[in-house]
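Colleague:
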Amino acid sequence: MEACNCIEPQWPADELLMKYQYISDFFIALAYFSIPLELIYFVKKSAVFPYRWVLVQFGAFIVLCGATHLINLWTFSMHSRTVAIVMTTAKVLTAVVSCATALMLVHIIPDLLSVKTRELFLKNKAAELDREMGLIRTQEETGRHVRMLTHEIRSTLDRHTILKTTLVELGRTLALEECALWMPTRTGLELQLSYTLRQQNPVGYTVPIHLPVINQVFSSNRALKISPNSPVARMRPLAGKHMPGEVVAVRVPLLHLSNFQINDWPELSTKRYALMVLMLPSDSARQWHVHELELVEVVADQVAVALSHAAILEESMRARDLLMEQNIALDLARREAETAIRARNDFLAVMNHEMRTPMHAIIALSSLLQETELTPEQRLMVETILKSSHLLATLINDVLDLSRLEDGSLQLEIATFNLHSVFREVHNLIKPVASVKKLSVSLNLAADLPVQAVGDEKRLMQIVLNVVGNAVKFSKEGSISITAFVAKSESLRDFRAPEFFPVQSDNHFYLRVQVKDSGSGINPQDIPKLFTKFAQSQSLATRNSGGSGLGLAICKRFVNLMEGHIWIESEGPGKGCTAIFIVKLGFAERSNESKLPFVTKVQANHVQTNFPGLKVLVMDDNGVSKSVTKGLLVHLGCDVTTVSSIDEFLHVISQEHKVVFMDVCMPGIDGYELAARIHEKFTKRHERPVLVALTGNIDKMTKENCMRVGMDGVILKPVSVDKMRSVLSELLEHRVLFEAM
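Mapped onto this note's numbering, the consecutive letters of the sequence shown carry residue numbers 13 to 753.
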């Protein structure tokens, strides 16, 4: 007690402190007991919280803490041992539970933090998804508008409709107050107001293209906001205090435009832009949204594509119209060319017939005169007449051959023939002419040269005869050699003729013929002129060659038809020439070509001299030709009857007539129909006379028509006494004779 009395004076406020602790412990205990109630309420209301047992444990810890503070109230006064034990037990339990709770919190705090992180992440994702969904909805809305606008824009390919539809649909979709389209002018220095939505401004208003605002829009592929006061945005007058709406502008590429004009559009506008300006309503708080700007950009691109399609369509339509005009012109030119060809062919046919008729008279009468008693001077004159007549007949044949070669109507007559006989006959024909000029002519046929060949015998003979004739014509002395052999593969190619491509095979061979003379020669630079029609080299033209300039030109055409090549070699004037040609022929034993059912040549050793009593009927509308033919036949001892009309012919003809000569090209008379009627009249072959067409117009069609109606022969005017003698001999022996064209 004394000790206590000593302390009291030192701590006068102890009792007051004890009261404060007492009150504090009471409120702490009250707070501790209220927290578990709140936790129980939270656990009861929360159905998804994963750590309920932790809350129970934490609640027990708080209860124990509160109990400790509550029990501690009795320690401020004298207390019993029981209170001390209870107090100690409560503190021990509180310590155990608090340690256990602390340890558990160490484990569950990371989980709680991760849950919080995931919750934050999910919230952010949800917000992002909301934004994306809004963007998707905006894009869908924009896409719907774009599809609608594209459908409307592309519903036509007329450029004016496209542009007007674009403005109308944009104005309706975006609720615009005004929308306009500015196009570049022809000069490219200005933009011209071409279309407006409300049509408030007159179309044709222009602004300079180099304005800063225009350059800014043209340099970007995005829709840009521009000032409502810019020149291209002043599309409507503002009255009073109205505030203009926001304005955007976007470029419209003019893609590959050609002759694409609106008012004063440029003729060629590649890499240029038009300007589309869009204005929102005035006095409105509305602003341009991103999706609306994107819609405008997409529509501008679609308009550019639609305009390019329209331009392409216009170009294709113009090309189609131009092509139609060209086709019409070509068709007209073709018809005119066909008319000209027909007129030329008709002219040539008429001239051929009309020229051969007097030639027939001249040659026939001259040949008759030649067989009479003549003085040497008279005989020389008659021979000169015959020679000149034959030269003129050759010229007529050359002109006709050239005409048919040029229009492609001449075709080769492929048949089996004696190749050696062709060269021997040419040699026999040339030898008398060469002997007059004291020229020696030699013929060399290679041992491997086939005797029989398949080809056009007449054209081959014409080529050889023309080439050899030129050698004789331009040689005054010396010799002429004719060499023929099968060309080997190494000798076929000629560097001067790159277009000549010979191809070897087992069914054909290439015949090489060389004619070498010791004549006047020719300048090498003049050689190409020899194969040009109506052209001769200067060195030869100055001489009396007597040529027309057609021979070698026609020979070259014939050689080309035979898939060959012809050329001439000469070292110069006075050194002679060598004419060489190669033609393609078939092997007779390997060819499927059968020999034609007519004789192509009359053998002279079987010709009769006279035909006494042979009844012959001649039908010709030309009195001179008819008289000349009759004179030839009478000279050969024939009994000749002449007629001029079909009725007279059908009345006169009988079984006694053995041979009938008729002109199938008489005007107003169908000789082929007449021949058919003769076949109907004489059904038996031995009773029917031999029908021979004596005509001045012999071509493939004439020959085919004669064979079709059953005629036995075709003879070409003019005819001499010797030719008529050979013709009659051949007809009486074989009853067929088709003279080669």
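Ideal placement from N, C-alpha and C gives every residue a C-beta, glycine not left out.
Quick one: what does DSSP say residue 660 is sitting in, helix, strand or coil?
Modeller: Numbered from 1 along the sequence shown, position 648 holds the residue referred to as residue 660. Three-state result, residue 660: helix.
Colleague: Note the first and the last residue of the continuous beta strand (DSSP E) segment covering residue 202.
Modeller: Here residue 202 is taken as the residue at index 190 of the sequence shown, counted from 1. Element bounds for residue 202: 202–208.
Colleague: Buried or exposed: which applies to residue 587, given that a residue is buried once 16 or more other Cβ atoms fall within 10 Å of its Cβ?
Modeller: On the sequence shown, position 575 is the one that residue 587 refers to. That one is exposed.
Colleague: Just confirm the distance between the C-beta atoms of residue 672 and residue 702, as a whole number of angstroms; I'd bet it's less than 8 Å.
Modeller: Here the question's residue 672 lines up with position 660 in the sequence shown. Here the question's residue 702 lines up with position 690 in the sequence shown. Indeed, because the Cβ distance is near 7 Å, the residues count as touching under 8 Å.
Colleague: What did DSSP end up calling residue 684 once you bin it into helix, strand or coil?
Modeller: Residue 684 sits at position 672 when you count from the first residue of the sequence shown. Residue state, collapsed to three classes: helix.
Colleague: Consult DSSP for residue 370 and reduce its assignment to one of helix, strand or coil.
Modeller: Residue numbering aside, residue 370 sits at position 358 when the sequence shown is read from its first letter. Residue state, collapsed to three classes: helix.
Colleague: From residue 646 to residue 622, what does the alpha carbon distance come to, in whole angstroms?
Modeller: In the sequence shown, residue 646 corresponds to position 634, counting from 1. In the sequence shown, residue 622 corresponds to position 610, counting from 1. Roughly 10 Å between the two C-alpha positions.
Colleague: Do the region 636–652 and the region 679–695 meet, that is, are 3 or more Cβ pairs less than 8 Å apart?
Modeller: Flag = no, the region 636–652 and the region 679–695 do not touch.
Colleague: So residue 729 and residue 707 are in contact, right, with Cβ under 8 Å, and what is the actual spacing, rounded?
Modeller: Indexing the sequence shown from 1 puts residue 729 at position 717. Indexing the sequence shown from 1 puts residue 707 at position 695. Right, the Cβ-Cβ distance comes to about 7 Å (below 8 Å), so this counts as a contact.
Colleague: Does the pairing of the region 462–479 with the region 528–540 give three or more beta-carbon distances under 8 Å?
Modeller: Because the criterion of three Cβ pairs below 8 Å is not met, the region 462–479 and the region 528–540 do not touch.
Colleague: Quick one: what's residue 321 bridged to in DSSP?
Modeller: Within the sequence shown, residue 321 is the residue found at index 309, counting from 1. Answer is none; residue 321 lacks a bridge partner.
Colleague: Run through DSSP, which three-state label would residue 456 get?
Modeller: Walking along the sequence shown from the start, residue 456 turns up at place 444. Three-state result, residue 456: strand.
Colleague: Taking contact to mean 3 or more Cβ pairs, one atom from each stretch, closer than 8 Å, check whether the region 567–575 and the region 434–454 are in contact.
Modeller: Result no; under three Cβ-Cβ pairs closer than 8 Å.
Colleague: Are the region 325–345 and the region 222–242 in contact at 8 Å, needing three or more beta carbon pairs?
Modeller: Segments in contact, no.
Colleague: Taking only three categories from DSSP, how would you classify residue 192?
Modeller: To locate residue 192, count along the sequence shown from 1; it is residue 180. Looking at residue 192 - three-state DSSP - the assignment turns out to be strand.
Colleague: Tell me the rounded alpha-carbon separation between residue 640 and residue 597.
Modeller: Locating residue 640 in the sequence shown gives position 628, counting from the first residue. Locating residue 597 in the sequence shown gives position 585, counting from the first residue. Distance between the alpha carbons of residue 640 and residue 597: 40 Å.
Colleague: Check whether chain C comes within 7 Å of residue 707, counting only Cβ atoms and requiring the distance to be less than that.
Modeller: You won't find chain C in this structure, because it holds only one protein chain.
Colleague: Just curious, the alpha helix (DSSP H) that residue 440 is in, first and last residue?
Modeller: Reading the sequence shown from its first residue, position 428 is the one you call residue 440. Its alpha helix (DSSP H) spans residues 431–448.
Colleague: Spatial neighbours of residue 86 within its chain, please: CB distance less than 7 Å, with the 5 preceding and 5 following residues excluded, ordered by chain position.
Modeller: Against the sequence shown, residue 86 aligns to sequence position 74. 95.
Colleague: With three or more beta-carbon pairs closer than 8 Å as the criterion, would you say the region 196–203 touches the region 292–309?
Modeller: Output reads no: the region 292–309 does not touch the region 196–203.
Colleague: Where does residue 493 fall in DSSP's three states?
Modeller: Within the sequence shown, numbered from 1, the residue matching residue 493 stands at position 481. It is a strand residue.
Colleague: Under 7 Å, do residue 525 and residue 565 count as touching if we go by C-beta distance?
Modeller: Taking the first residue of the sequence shown as 1, we reach residue 525 at position 513. Taking the first residue of the sequence shown as 1, we reach residue 565 at position 553. No.
Colleague: If you run the structure through DSSP and keep just helix, strand and coil, what is residue 586?
Modeller: For this step, residue 586 is matched to residue 574 along the sequence shown. Here residue 586 sits in coil by DSSP.
Colleague: Nearest-angstrom Cα distance between residue 189 and residue 324?
Modeller: In the sequence shown, counting from the first residue as 1, residue 189 sits at position 177. In the sequence shown, counting from the first residue as 1, residue 324 sits at position 312. Each residue's alpha carbon lies about 33 Å from the other.
Colleague: Cα-Cα, which of 592, 287, 544 and 100 is closest to residue 206?
Modeller: In the sequence shown, counting from the first residue as 1, residue 206 sits at position 194. Minimum Cα distance to residue 206 is reached at 287.
Colleague: Can you give me the C-alpha to C-alpha distance between residue 520 and residue 464, rounded to a whole angstrom?
Modeller: Sequence index remark: in the sequence shown, residue 520 carries index 508 (1-based). Sequence index remark: in the sequence shown, residue 464 carries index 452 (1-based). C-alpha separation (whole angstroms): 12 Å.
Colleague: From 68, 101 and 92, pick the residue whose C-alpha is nearest to that of residue 79; which is it?
Modeller: Taking the sequence shown and counting its residues from 1, one reaches residue 79 at position 67. Considering only alpha carbons, the answer is 101.
Colleague: Does the distance from the CB of residue 2 to the CB of residue 715 come in under 7 Å?
Modeller: Residue 2 cannot be examined here, being either before or after the span of the chain that is shown, 13 to 753.
Colleague: My output table needs one value for residue 396: the three-state DSSP class, helix, strand or coil.
Modeller: For the purposes of this step, residue 396 is taken as residue 384 along the sequence shown, with counting starting at 1. Reduced to three states, the DSSP call for residue 396 is helix.
Colleague: Can you grab the Cα-Cα spacing for the pair residue 540 / residue 579, in whole Å?
Modeller: Stepping through the sequence shown from its first residue, residue 540 is reached at position 528. Stepping through the sequence shown from its first residue, residue 579 is reached at position 567. Those two C-alpha atoms are separated by around 9 Å.
Colleague: Nearest CA to the CA of residue 230: which residue from 264, 217 and 241?
Modeller: On the sequence shown, position 218 is the one that residue 230 refers to. Nearest of 264, 217 and 241 to residue 230, Cα basis: 264.
Colleague: Distance, Cα to Cα, residue 147 vs residue 134?
Modeller: If you number the sequence shown from 1, residue 147 lands on position 135. If you number the sequence shown from 1, residue 134 lands on position 122. Using only the alpha carbons, I get a separation of about 19 Å.
Colleague: Of the residues 434, 97, 368 and 345, which one's Cα is nearest the Cα of residue 402?
Modeller: Taking the first residue of the sequence shown as 1, we reach residue 402 at position 390. Nearest C-alpha to residue 402: 368.
Colleague: Note down the Cα distance separating residue 491 from residue 584, rounded to an integer number of angstroms.
Modeller: Within the sequence shown, the letter at position 479 stands for residue 491. Within the sequence shown, the letter at position 572 stands for residue 584. Going by the C-alpha atoms only, they are around 18 Å apart.
Colleague: DSSP state of residue 352, grouped into three classes?
Modeller: Working through the sequence shown from its first residue, we reach residue 352 at position 340. Residue 352: helix per DSSP, three-state reduction.
Colleague: Taking residue 727 as part of the beta strand (DSSP E), name the residues at either end of that continuous run.
Modeller: Taking the first residue of the sequence shown as 1, we reach residue 727 at position 715. It spans 725–728 - the beta strand (DSSP E) in which residue 727 sits, taken as one unbroken run.
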